[in-house]
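Chains as they are written, first to last, in the working numbering: chain B, 53 to 296; chain A, 838 to 1052. First the structure, in the form of structure tokens, and then the observations on it.
In structure tokens:
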């Protein structure tokens, strides 16, 4: 049982707003964790802290063997970013590059792979997300769901040990949501360690090994998917009854 | 207007084109450096660029022109050539404006593009040159071309201080000896238009090309 993520007493403030009030969390290799909670509960912030996109005020984080608190050495940060893939709600594809170029950019620039090898990787990951025929398309020629799948492929191209998903289906209609969730399910079946911040309760129940309910900057309740059917705390009960 | 006078006017137009082209090239390099300095991570570098922009934008071009032409001889340097002094002055002036225009373009690329590039492990220079600048370039085309047209017209300052023979200067000389201001300044206006219009046309084409490339 290898630990991929460990958060110890993590605090984060935005000015006077105390967003994370001491998060302790451990995620082992191959585990799929869904983080749910209301807007403002700190779930996206917690996720972003794991990739050092938000700098924590207190506590310690270890991700893929890289430990950091407030600061991190640039060498460690570089390795962290290579070991962790993150996908955002707004896709954030580079609009001036084709799907393939979006994917090959990091392997070529960061891992310094030759063009042919990077293109081979792009072909592989595009096939994984079912978009082999879209390699030459620019982002604006793709639907939201296709853009999000390219964004997932772009992260996979760096061969990450951990994938973070930050409300990746929130901007999509139900049909497009379905095609993105199927890609994530496939990754799950492949044994990828994943943390998903999501509003898709049914999906969280289906793929997650563990569900974490955040409330007011703390982990309020956690457990297997059954906690969504049988919540122990009043807050989760209310959250679930609103969501279903 | 006889042939000799027409050729004299055209020679002036050539002076304007030459001065403009050299200024475009030099101020693009300096302007890009200023823009990159303005978005640098280092406070000292940002402040330096900010100071430069403020001082230059607050100084009349005529004064910069005078300093560039007469300045070197004050310090005992050999006489400055009018072309060199004019290009130097226009570059110093234009770079301050281009730097600020391009900083705005760089900053108007959405923040999440920086973030996405960062998460892929690209370092700061790679993020800037492979992700941000190509997107900023497209945004920058219209204001940059607009400013280039301004530069073309600003080259006429070179004749006022330095006596560089460009279009306005030669039109004035012809008027002084013939007293036909409407003819010569009118002809100069047409030539200015013929220099500037292709720039605007090229800008439109470039914008269209950058858009069509992805649809």
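Glycine included, every Cβ here is placed at the ideal spot set by N, Cα and C.
Between residue 1011/A and residue 190/B, the alpha-carbon positions lie close to 56 angstroms from each other. The Cβ of residue 869/A sits no closer than 8 angstroms to any Cβ of chain B. For residue 222/B, same chain residues with a beta-carbon under 8 angstroms away, outside a window of 5 residues either side, are 141, 251 in chain order. In the structure shown, residue 73/B adopts extended strand secondary structure according to DSSP, grouped into three states.
For residue 968/A, at least one C-beta of chain B is nearer than 8 angstroms to its own C-beta.
Between the stretch 205-224 of chain B and the stretch 164-180 of chain B, the count of C-beta pairs closer than 8 angstroms reaches three or more; the two stretches touch. Under DSSP, residue 273/B forms a beta bridge with 265/B.
Secondary structure note for residue 248/B: it is in no alpha helix (DSSP H), and the uninterrupted beta strand (DSSP E) holding it is 245-249. Annotation: the continuous alpha helix (DSSP H) that includes residue 846/A extends over 840-875.
Rounded to the nearest whole angstrom, the C-alpha separation of residue 137/B and residue 1035/A is 47 angstroms. In this chain, the beta strand (DSSP E) harbouring residue 218/B covers 214-218.
At a cut-off of 8 angstroms between C-beta atoms, residue 130/B counts as an interface residue with respect to chain A.
Non-local beta-carbon contacts of residue 100/B in its own chain, meaning distances under 6 angstroms to residues more than five positions away in sequence, involve 106 in chain order. About 13 angstroms separates the CB atoms of residue 959/A and residue 126/B; that is not less than 8 angstroms, and the two are not in contact.
Judged by their CB atoms, residue 239/B and residue 215/B are nearer to each other than the 8 angstroms cut-off.
Within the same chain, no Cβ atom closer than 6 angstroms to the Cβ of residue 884/A is found once the five residues on either side in sequence are excluded. Between the stretch 964-979 of chain A and the stretch 142-151 of chain B there are three or more inter-stretch CB-CB distances shorter than 8 angstroms, so the stretches are counted as touching.
The contact set of residue 959/A on chain B, defined by CB atoms closer than 8 angstroms, consists of 157, 158, 161, 162 in chain order.
Using a Cβ-Cβ cut-off of 8 angstroms, residue 979/A is close to nothing in chain B; its nearest Cβ partner there is about 17 angstroms away. By the CB criterion at 8 angstroms, residue 1040/A and residue 979/A fall inside the cutoff. In the three-state scheme derived from DSSP, where H, G and I count as helix and E and B as strand, residue 120/B is classed as strand.
A distance of 8 angstroms or more separates the beta carbons of residue 865/A and residue 874/A. Under the three-state reduction of DSSP output, residue 111/B falls in the strand class.
Counting along the chain, residue 184/B sits inside no alpha helix (DSSP H), nor does DSSP assign it H or E at all. Within 10 angstroms of the beta-carbon of residue 1027/A lie fewer than 16 other beta-carbons, which makes it exposed.
Its Cα nearest to that of residue 98/B, the residue 268/B stands out among 290/B, 268/B, 200/B. By the C-beta density criterion, residue 188/B is exposed, having fewer than 16 other C-beta atoms within 10 angstroms.
If you look at residue 58/B, you'll find it in the beta strand (DSSP E) that goes 55-66. Residue 219/B and residue 96/B do touch by the CB rule: their CB atoms are close to 7 angstroms apart, below 8 angstroms. Neighbours of residue 963/A across chain B, judged by C-beta separation under 7 angstroms: 161.
Assigned with DSSP and collapsed to three states, residue 89/B falls in strand.
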